[in-house]
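A.B. asks: Take this structure first; my questions come after.
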Amino acid sequence: MPVSLCGTWDMVNSVNLDGYMIGLGISLYTRKIALKLKHRKVIEKVGDRYVVKTLSTFRNYTFSFRVNEEFEEFTKGLDDRHCKSLVTWEGNKLVCIQKGEKKNRGWAHWMEDDKLHLELYCEDQVCKQVFKRVV
Ligand code: ECB
């Protein structure tokens with residue numbers, strides 16, 4: 018059984034978020050704002066659904082899903098695109114594939130050394146973020 022990613026997590030490191038946002042076609046103006054933000058991730062399990070919230074002082078993004086069940090995702094407030102998304106466990110990694118206009122789009126979450134890790138993929142870009150648990 019994979020370890021639980023549930024909890025409240027604050028970003029402590031972010032590498033190449035700008036590249037990821039360029040891949041998504043985000044404007045320079047919005048990218049500059051987004052790069053200054055400290056993101057908080059709140060991951061909850063409600064019944065058989067996960068709820069993932071990305072919170073910041075600028076915008077929030079919340080969505081929910083069941084593992085192994087494709088769903089329609091609208092990335093409201095991010096790049097505002099529609100994707101067909103599927104989240105699965107690959108070993109200890111929670112992996113999402115976001116099928117849509119952008120190639121090679123998705124993300125992966127996993128725990129390592131008590132930290133929550135996130136890789137965000139879009140086109141040829143990879144953004145890597147690390148979060149520490151809020152106690
Ligand atoms: C929601 C906080 C960031 C707000 C940034 C606002 C505008 C920038 C527009 C697009 C930027 C794309 C991504 C920003 C980086 C992270 C936000 C969520 C990334 C994500 O999809 O995380 C997954 C995995 O935790 C859950 O959606």
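So the mapping is simple: this note's numbering equals the position in the sequence shown, first residue as 1, plus 17. Where is the CB? At the ideal position from N, CA and C, for every residue including glycine.
Are there 16 or more other CB atoms within 10 angstroms of the CB of Thr79, so buried, or fewer, so exposed?
C.D. replies: Thr79 comes out exposed.
A.B. asks: Quick check on His99: buried or exposed, where buried means 16 or more other Cβ atoms within 10 Å of its Cβ?
C.D. replies: Label assigned to His99: exposed.
A.B. asks: Just to confirm, are Met28 and Gln146 a CB contact at a threshold of 8 Å?
C.D. replies: The answer is yes: Cβ separation under 8 Å.
A.B. asks: Any idea if Lys120 is buried or exposed, counting beta-carbon neighbours within 10 angstroms, 16 or more meaning buried?
C.D. replies: Burial call: exposed.
A.B. asks: Where does Arg57 fall in DSSP's three states?
C.D. replies: Strand, per DSSP.
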